[in-house]
Amino acid sequence: MRSLTLLIVVLFTALTAAAASPAPAESRISVPGATVVVQFAERVDAAVSRDLIDWIERVADQVSMPYGRFPLAALRVVIIPTKGKSWGGDSPVPFGRVTRRDGETVELYVDVDRPVADLYADWTATHEFSHLLLPKISWRQKWISEGFASYYQNVLMARDEQYTPAQAMRKLSEGFDRGRGSRPELSPNQAAEEGVRHARYKIYWSGAAIALLADLRLRSRSGGKESLDTVLGRFQQCCLPSKQYWSGVQFFTQLDSLIDEPVFMPLYREHADTPGFPDINAALSDPLLREQVLNVRTSPH
Ligand SMILES: [Zn+2]
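The numbering of the sequence shown is the working numbering, which starts it at 7 and goes up by one.
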């Protein structure tokens, strides 16, 4: 370079070019056992897209934690940029969903103007990815698909240290309180019939309570060798990806076939058609929750 001015001009030109260059239409991420293709529904700045792809890779790693590999060999993620608070409240990821018509796809609406740290702190993507640990479940037992995803969204955010253990415990506890207060006259199956609009918290949190109870029963009776993680890992080996809709009974029966003594169907018989809310007070104070499920190392001090 011959002059500082020229250097500045060249640098300025390079920076403006970088800022203006649109993100590539599609990027591929390798995670344990899978390739994740990330697509953008609209052009976003290249630097922003790199941040978003890093974030998706982190979320994919979270959902690989339960059994050391991603639940599916292939996934498409579509990021739909949104701006500001026009809808979806204050969340940087105001909406997400999984579609499974033509291969599994996670769609995420993302406020791309928010700092990337806000995305890491948000649970929406972890929740949607957690749905991939299960097959499609009949809407009549929506409490299983939404409940297990709600349970894992908190567990995985804690294991990934996006939540402190105390935060994760509080979020679980507050969720269960909302579920307990929501439509107590309905059973989980009746709540699913009523639909998410009328019984959202009952559906989400009664299912999360049953996931917690199953997880702790498996862990306590096996001395930590079995857990919801290991059973879902076996389920993935036998049955994912799956094109069919599974009824709650089919799915829980299949999970029980993967362990020595049934855990899931006994919980189904106890709670699926019973009004009220599962008693999870003992589970919430069980040390296994902090020490194993949330993977908290006990401080040596
Ligand atoms: Zn969900």
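Positions of the beta carbon are idealized from the N, C-alpha and C atoms, including for glycine. This structure is a prediction, so every number in the text was calculated from the model and none was measured.
Original post:
Counting pairs of Cβ atoms below 8 Å between the segment 111 to 118 and the segment 150 to 157, do you hit three or more?
Top reply: Flag = no, the segment 111 to 118 and the segment 150 to 157 do not touch.
Subject >> Outcome for Y157 when other beta-carbon atoms lying within 10 angstroms are tallied against a minimum of 16 >> reply: Buried is the label assigned to Y157, since at least 16 other Cβ atoms lie within 10 Å of its Cβ.
Original post:
Tell me the DSSP bridge mates of T41?
Top reply: Within the DSSP bridge table, the entry for T41 names S36, A80 as partners.
**OP:** Would you tell me roughly how many angstroms separate the C-alpha atoms of A131 and E63, rounded to the nearest one?
**Re:** Their Cα atoms are separated by approximately 11 Å.
**OP:** Would you please state the rounded distance, in angstroms, between the beta carbons of E191 and P281? I believe it to be under 8 Å.
**Re:** With 8 Å as the limit, E191 and P281 qualify as a contact, their Cβ atoms being about 6 Å apart.
Original post:
Can a CB atom of chain B be found closer than 8 Å to the CB of K142?
Top reply: No chain B appears in the structure shown, which is made up of a single protein chain.
**OP:** Reducing DSSP to helix, strand and coil, say where P171 ends up.
**Re:** Looking at P171 - three-state DSSP - the assignment turns out to be helix.
Original post:
Hey, is the segment 34 to 49 in contact with the segment 94 to 105, meaning 3+ C-beta pairs nearer than 8 Å?
Top reply: Contact fails: fewer than three Cβ-Cβ distances are below 8 Å.
**OP:** Measure the beta-carbon distance from I298 to G239 and round it to whole angstroms, keeping in mind my assumption that it falls under 8 Å.
**Re:** The question names Ile, yet the displayed sequence has Gln at residue 298. 15 Å between Cβ atoms; not a contact.
**OP:** Please report how far the alpha carbon of L295 lies from the alpha carbon of D183, in whole angstroms.
**Re:** Approximately 17 Å, taken between the alpha carbons.
Original post:
Cβ of K208 within 8 Å of Cβ of G181?
Top reply: Not closer than 8 Å, so no.
Original post:
Is E3 near ligand 1, in the sense that its beta carbon is under 7 Å from a heavy atom of that ligand?
Top reply: With the chain covering 7 to 307 only, the question about residue 3 has no answer from this structure.
**OP:** Could you check what DSSP says for Y115 in three-state terms: helix, strand or coil?
**Re:** Of the three classes helix, strand and coil, the one that applies to Y115 here is strand, per DSSP.
Subject >> Residues near S193 in its chain [Cβ-Cβ closer than 6 Å; skip 5 each side] >> reply: Within the same chain, D279, T280, P281 come within 6 Å of S193 by CB-CB distance, once the 5 residues on both sides are set aside.
Subject >> E152 CB to nearest heavy atom of ligand 1 below 7 Å >> reply: Here the distance from the Cβ of E152 to the nearest heavy atom of ligand 1 is below 7 Å.
Original post:
Between which two residues does the beta strand (DSSP E) carrying R103 extend?
Top reply: Per DSSP, R103 is one residue of the beta strand (DSSP E) stretching across 101 to 105.
Subject >> M71: first and last residue of the uninterrupted alpha helix (DSSP H) it sits in >> reply: Boundaries cannot be given for M71, as no alpha helix (DSSP H) includes it and DSSP labels it neither H nor E.
Original post:
Mapping DSSP to helix, strand and coil, what is F46?
Top reply: Residue state, collapsed to three classes: strand.
**OP:** Work out the CA separation of R120 and A79 for me, nearest whole Å.
**Re:** Approximately 31 Å, taken between the alpha carbons.
Original post:
Can you give the beta carbon distance from A220 to L139, rounded, assuming they're within the 8 Å contact cut?
Top reply: Not a contact, Cβ separation roughly 13 Å.
**OP:** Can you grab the Cα-Cα spacing for the pair H133 / K177, in whole Å?
**Re:** The straight-line gap from Cα to Cα measures roughly 14 Å.
Original post:
Where Q173 and Q250 are concerned, what is the direct C-alpha to C-alpha distance, given to the nearest angstrom?
Top reply: Cα-Cα distance, rounded: 36 Å.
**OP:** Per DSSP, which residues does W252 bridge with? Please list them.
**Re:** Its beta-bridge partners are I143.
**OP:** Assign T280 to one of three DSSP states: helix, strand, or coil.
**Re:** Of the three classes helix, strand and coil, the one that applies to T280 here is coil, per DSSP.
Original post:
With C-beta atoms as the reference, is R165 less than 8 Å away from N287?
Top reply: No, the Cβ-Cβ distance between R165 and N287 is not below 8 Å.
**OP:** Let me know if R107 comes out buried or exposed under the rule of 16 or more other beta-carbons within 10 Å of its beta-carbon.
**Re:** Sixteen is the threshold: since fewer than 16 other Cβ atoms of the shown chains lie within 10 Å of the Cβ of R107, the residue is exposed.
Original post:
Under a three-way DSSP split, which group does D124 fall into?
Top reply: Annotated three-state conformation of D124 is helix, per DSSP.
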